[in-house]
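Student: Handing you this structure, nothing more for now.
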Amino acid sequence: MRYKDMTFGGDMRDISVSFEKVQQKLGFNATHNLDDGVREVLYALRTGLIQDPQNQRYRNAQFIVQ
């Protein structure tokens, strides 16, 4: 098994994001929270909606780490 360095060049900053501007400028309000998202992904895995979670189509590391 091969592992790829995912430390982003040693930059491991923890970034907090505020969506206040999105709400103010676009009028967007999220209707789901993180727990909802985790439950949705778990449901997709358990029911077979996502049949091969290791498939490259579900990976974004190739676009982040170069």
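Take -9 as the starting number for the sequence shown in this note's numbering and just add one per residue.
Every residue, glycine too, gets a C-beta built ideally from N, C-alpha and C.
1) From which residue to which residue does the alpha helix (DSSP H) around V28 run?
2) Are the beta-carbon atoms of P43 and L32 separated by less than 8 Å?
3) Could you tell me the alpha carbon to alpha carbon distance between K15 and L39, rounded to whole angstroms?
Tutor: For this structure:
1) Within the sequence shown, the letter at position 38 stands for residue 28. Element bounds for V28: 24 to 36.
2) Reading the sequence shown from its first residue, position 53 is the one you call residue 43. Reading the sequence shown from its first residue, position 42 is the one you call residue 32. It is not a contact, given that the beta carbons lie outside the stated cut-off.
3) Residue numbering aside, residue 15 sits at position 25 when the sequence shown is read from its first letter. Residue numbering aside, residue 39 sits at position 49 when the sequence shown is read from its first letter. Their backbone Cα atoms lie some 35 Å apart in a straight line.
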